[in-house]
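When you read off a place in the sequence shown, starting at 1, and then add 19, the result is the number in the numbering used here.
Positions of the beta carbon are idealized from the N, C-alpha and C atoms, including for glycine.
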Amino acid sequence: MRVTAKANSNIALIKYWGKRDASLNLPAVGSISVTLDGLSTQTSVWFKTGLGKDRLLLNGTEESGLALDRVSRFLNIIRMRAGTSLKAFVESSNNFPTAAGLASSASAFAALAVASSKAAGLTLTEAELSELSRRGSGSAARSIFGGFVEMHRGEKPDGSDSIAEPLADKAFWDLRLLIAVTSEKAKTTDSTSGMTQSKASSPYYPVWVDTAEADLAEMRSVLLAKDFQKVGEISEYSCLKMHALAQSGRPGVVYWNGATVKVMHAVRELRQSGIPVYFTIDAGPQVKVLCLPENEQVVNEMLQLIPGVLRIIKTRPGDGIQIIEAAE
Ligand code: PMV
């Protein structure tokens, strides 16, 4: 069966950084995210006889090396569960820059988990799909669901409770996110390497893990109360705390460029003038700017004036995974 699935990316308001188990990709901390409308990966998978190895077509280009290895390792999990040794043909495309801190791995592994499990004949629940997606990328576990999502750290060694769960659907709150793209280049330190470095060498790492539950509880409560100011403040706090952690390793990882910092200051200046607007940044140089619908235009105009902002992507809470096609 050839199955095509689509998943949206997501942005964490409370950040995940650090693994409690690298082999099962278990997070050291939980996280809370918003699934993003229109920033998606569409992936088709079919297991075929006669293929000597897995093949991956990514945005129209045949991949080998690291990208293919990562997909093949993921497909091995599917093959083991489905009891097949067939290799697969995977065709995947993103409608936004790959590996530049726009969480392309989140939408990519969520779409791959859904398409490959169904193509292999497995019938999985959303919780099982979330657990499976996590094996590919921690943030992918959240992209299974739409709207506002919480990822649980979990306690079990097998990772069966390290899964995401919806907090509220996209209709719950019409927030706006404007993504200020400041570089289209792939980042030099991927999130796994960055996390490994933080855990191994940052003196802040134990504190980060110890304070995570309190941040999650606070965000959960202000989010469900639709307290925009608090949601924004805690999002900025979690973002800066995560980056301080990444920067405090040996060597520290700096994901920002000059324009990233300019946008951070501009957001705070606009806020000083009375517009509720906040930023958050993942493991890359793009700044995701959070505002309410009535302020979207003024925020967009402000971002357009900042030197180094290449383009602005407008998004809002979006849907979870979708099966586009399943055909024999
Ligand atoms: O899913 P990963 O392994 O690419 O890690 C994502 C890490 C951050 O994007 C920085 C934070 C998050 O929670 O999405």
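- Ala244: not part of any alpha helix (DSSP H); DSSP gives it neither H nor E.
- For the pair Arg98 and Pro46, the Cα-to-Cα distance works out to about 24 angstroms.
- In the DSSP assignment, Asn29 falls outside any alpha helix (DSSP H) and lies within the beta strand (DSSP E) extending over Arg21 to Ile33.
- Residue side-chain check: Ala159 places its Cβ nearer than 7 angstroms to a non-hydrogen atom of ligand 1.
- Taking non-hydrogen atoms of ligand 1 into account, the C-beta of Thr211 is found less than 7 angstroms away from one of them.
- The beta-carbon distance between Leu76 and Asn27, rounded to whole angstroms, is 21 angstroms. This is too long to meet the 8 angstroms contact definition.
- Remark: the shortest separation between the CB of Lys34 and any heavy atom of ligand 1 falls under 7 angstroms.
- Ile97 sits in a helix when the DSSP states are folded into three classes.
- Sequence-distant Cβ neighbours of Thr279 in its own chain, meaning closer than 7 angstroms and more than five residues away, are Thr201, Ile300, Pro304 and Val306.
- In this structure Ala263 is exposed. Its beta-carbon is surrounded by fewer than 16 other beta-carbon atoms within 10 angstroms.
- Secondary structure note for Glu288: its alpha helix (DSSP H) is the uninterrupted segment Gly277 to Gln291.
- When DSSP reads this structure, Ala107 sits in a beta bridge with Phe66.
- In the structure shown, the three-state DSSP call for Gly57 is strand.
- When the beta-carbon positions are compared, Ser91 and Ser124 stay at least 8 angstroms from each other.
- The three-state reading of DSSP puts Ser52 in strand, counting E and B together.
- In the DSSP assignment, Val306 falls outside any alpha helix (DSSP H) and lies within the beta strand (DSSP E) extending over Val306 to Cys310.
- For Asp234, the CB stays at least 7 angstroms from every heavy atom of ligand 1.
- Between the stretch 58–67 and the stretch 179–193 there are fewer than three inter-stretch CB-CB distances shorter than 8 angstroms, so the stretches are not counted as touching.
- Counting the other CB atoms within 10 Å of its CB gives Val273 a total below 16, which places it among the exposed residues.
- Our two residues, Glu288 and Ala265, have alpha carbons roughly 25 angstroms apart in a direct line.
- The beta carbon of Lys34 lies closer than 7 angstroms to those of Ser50, Ser257, Cys258 and Met261 in the same chain, with the five residues before and after it left out.
- Excluding sequence positions up to five before and after Pro295, its CB lies within less than 8 angstroms of the CB of Phe247, Gln248, Gly251, Cys310, Leu311 and Asn314, all in the same chain and listed in chain order.
- Exclusion of the five residues before and after Ile163 leaves Ala129, Glu145, Leu148, Ser149, Ser152, Ala183, Gly339 and Ile340 as the residues of its chain whose Cβ lies within less than 7 angstroms of its Cβ.
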